[in-house]
Each structure stands twice: as structure tokens, then as C-alpha cells.
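Structure record follows, encoded as C-alpha cells.
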Amino acid sequence: MRRSPSPIPVQEREEVISTSHHPPKWRSRSPPTAPRHHLRSPPSVSSPKITHHTSSLPPKPDWSRHSGAGYVSTPKAEPTTLSHATPEPHIQLPAIPLYKPKPNASAEFEAEIARLRAHRAHITSEYATIAKATRRALHELDMASIDLKMAERRRAIADAQVEKARAGALGVDYVH
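Going by our numbering, the first residue of the sequence shown is number 1196, and it counts up by one from there.
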């Protein structure tokens, strides 16, 4: 659905909008921004950019922001005039060998350390089970020694009562 055009011409509309706008009482801490209600000026037709390279370096690569990391577009052909064109001397570049990473000496040490850590974890768990078994055995020994002492005391009390029963001091007839 299209809106009907405003009866006020564009220039008058801009003046009405710009005169009716008052700045806010409390300004924010953010930097000022351009007003959004003004009409944009039509794009101007500019002459094509011609860059003249005085050095023998190639032009700067055109990195595209949206094309992904590591993507370099091919350099665009530059318009040149015949009066400025000079043949560049051909330079022989040195041969660069392929990159071969050096053998990592620390990899052997890392593998040894990993093996020792695994062995340490195994020994630690084994020590924990042995320590639990030892504590359990010591606890059972303590309980058995307490039971033995109590049995010896009961025996001593029972022997004393038997002697009193033989003498008739307990009030119980001793039958042998």
C-alpha cells in the first residue's frame, strides 16, 4: 500500500522538520551522530581513480571483508597511458624450498610425561585401596581386642561368683 505524497514540497518539508527539532535536555555520553531526517544528496559522478606507482612493487591486494579470512582477490587492471609505461626489468627470484617442520624433540618427552602421569594415577588408586584395606584390618583388630578384654573380664567375674557360690555367700546352692 503506497502512501500519498505530501502536499508540502520537499524543500519546505525539510525546513519544517529542521526548525521543529529541538536538542534533548540531557545529552547522552555517546558521540554525536548525524541527523537522520535530512534527505541524502544524490551521488556525484567522480572521475575514475588512477594511481601511479613509482616503485616496482605490485598494487596492494584488495581484501574483502565479507569473503572470509585469507581470501585475496586478484588485483584489478589499472588504466595506464602509453607515455608513462616503461618496461620493468625482469628479476630472477631465488628458489625457496618447501617447508619441512623439524622433528619435535619435546613430543617424546610429552609422551613420556603422559605415560608417567597415567602410571601415577594407577598407583595412587592402588594405594588408596590398600590404605582402605589396612584401615579396615586395624579397625577389626581393635574390635577383636576389645571383645577379648571383655571376655577375659566376664571370665574373671564368673570365676569369682563360682567361688562365692561354693562358699554359700551368694545365697544359691552350689551343685557340683
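Beta carbons are placed, not taken as given, at the ideal position from N, Cα and C, and that holds for glycine.
Would you give the residue range spanned by the alpha helix (DSSP H) that residue i belongs to?
| i | result |
| --- | --- |
| Tyr1322 | Ala1300 to Ala1362 |
My guess is that residue i and residue j are in contact by the Cβ rule of under 8 Å, so how many angstroms apart are they, rounded?
| i | j | result |
| --- | --- | --- |
| Glu1283 | Ser1251 | 6 Å |
| Leu1343 | Gln1356 | That pair is no contact at about 21 Å. |
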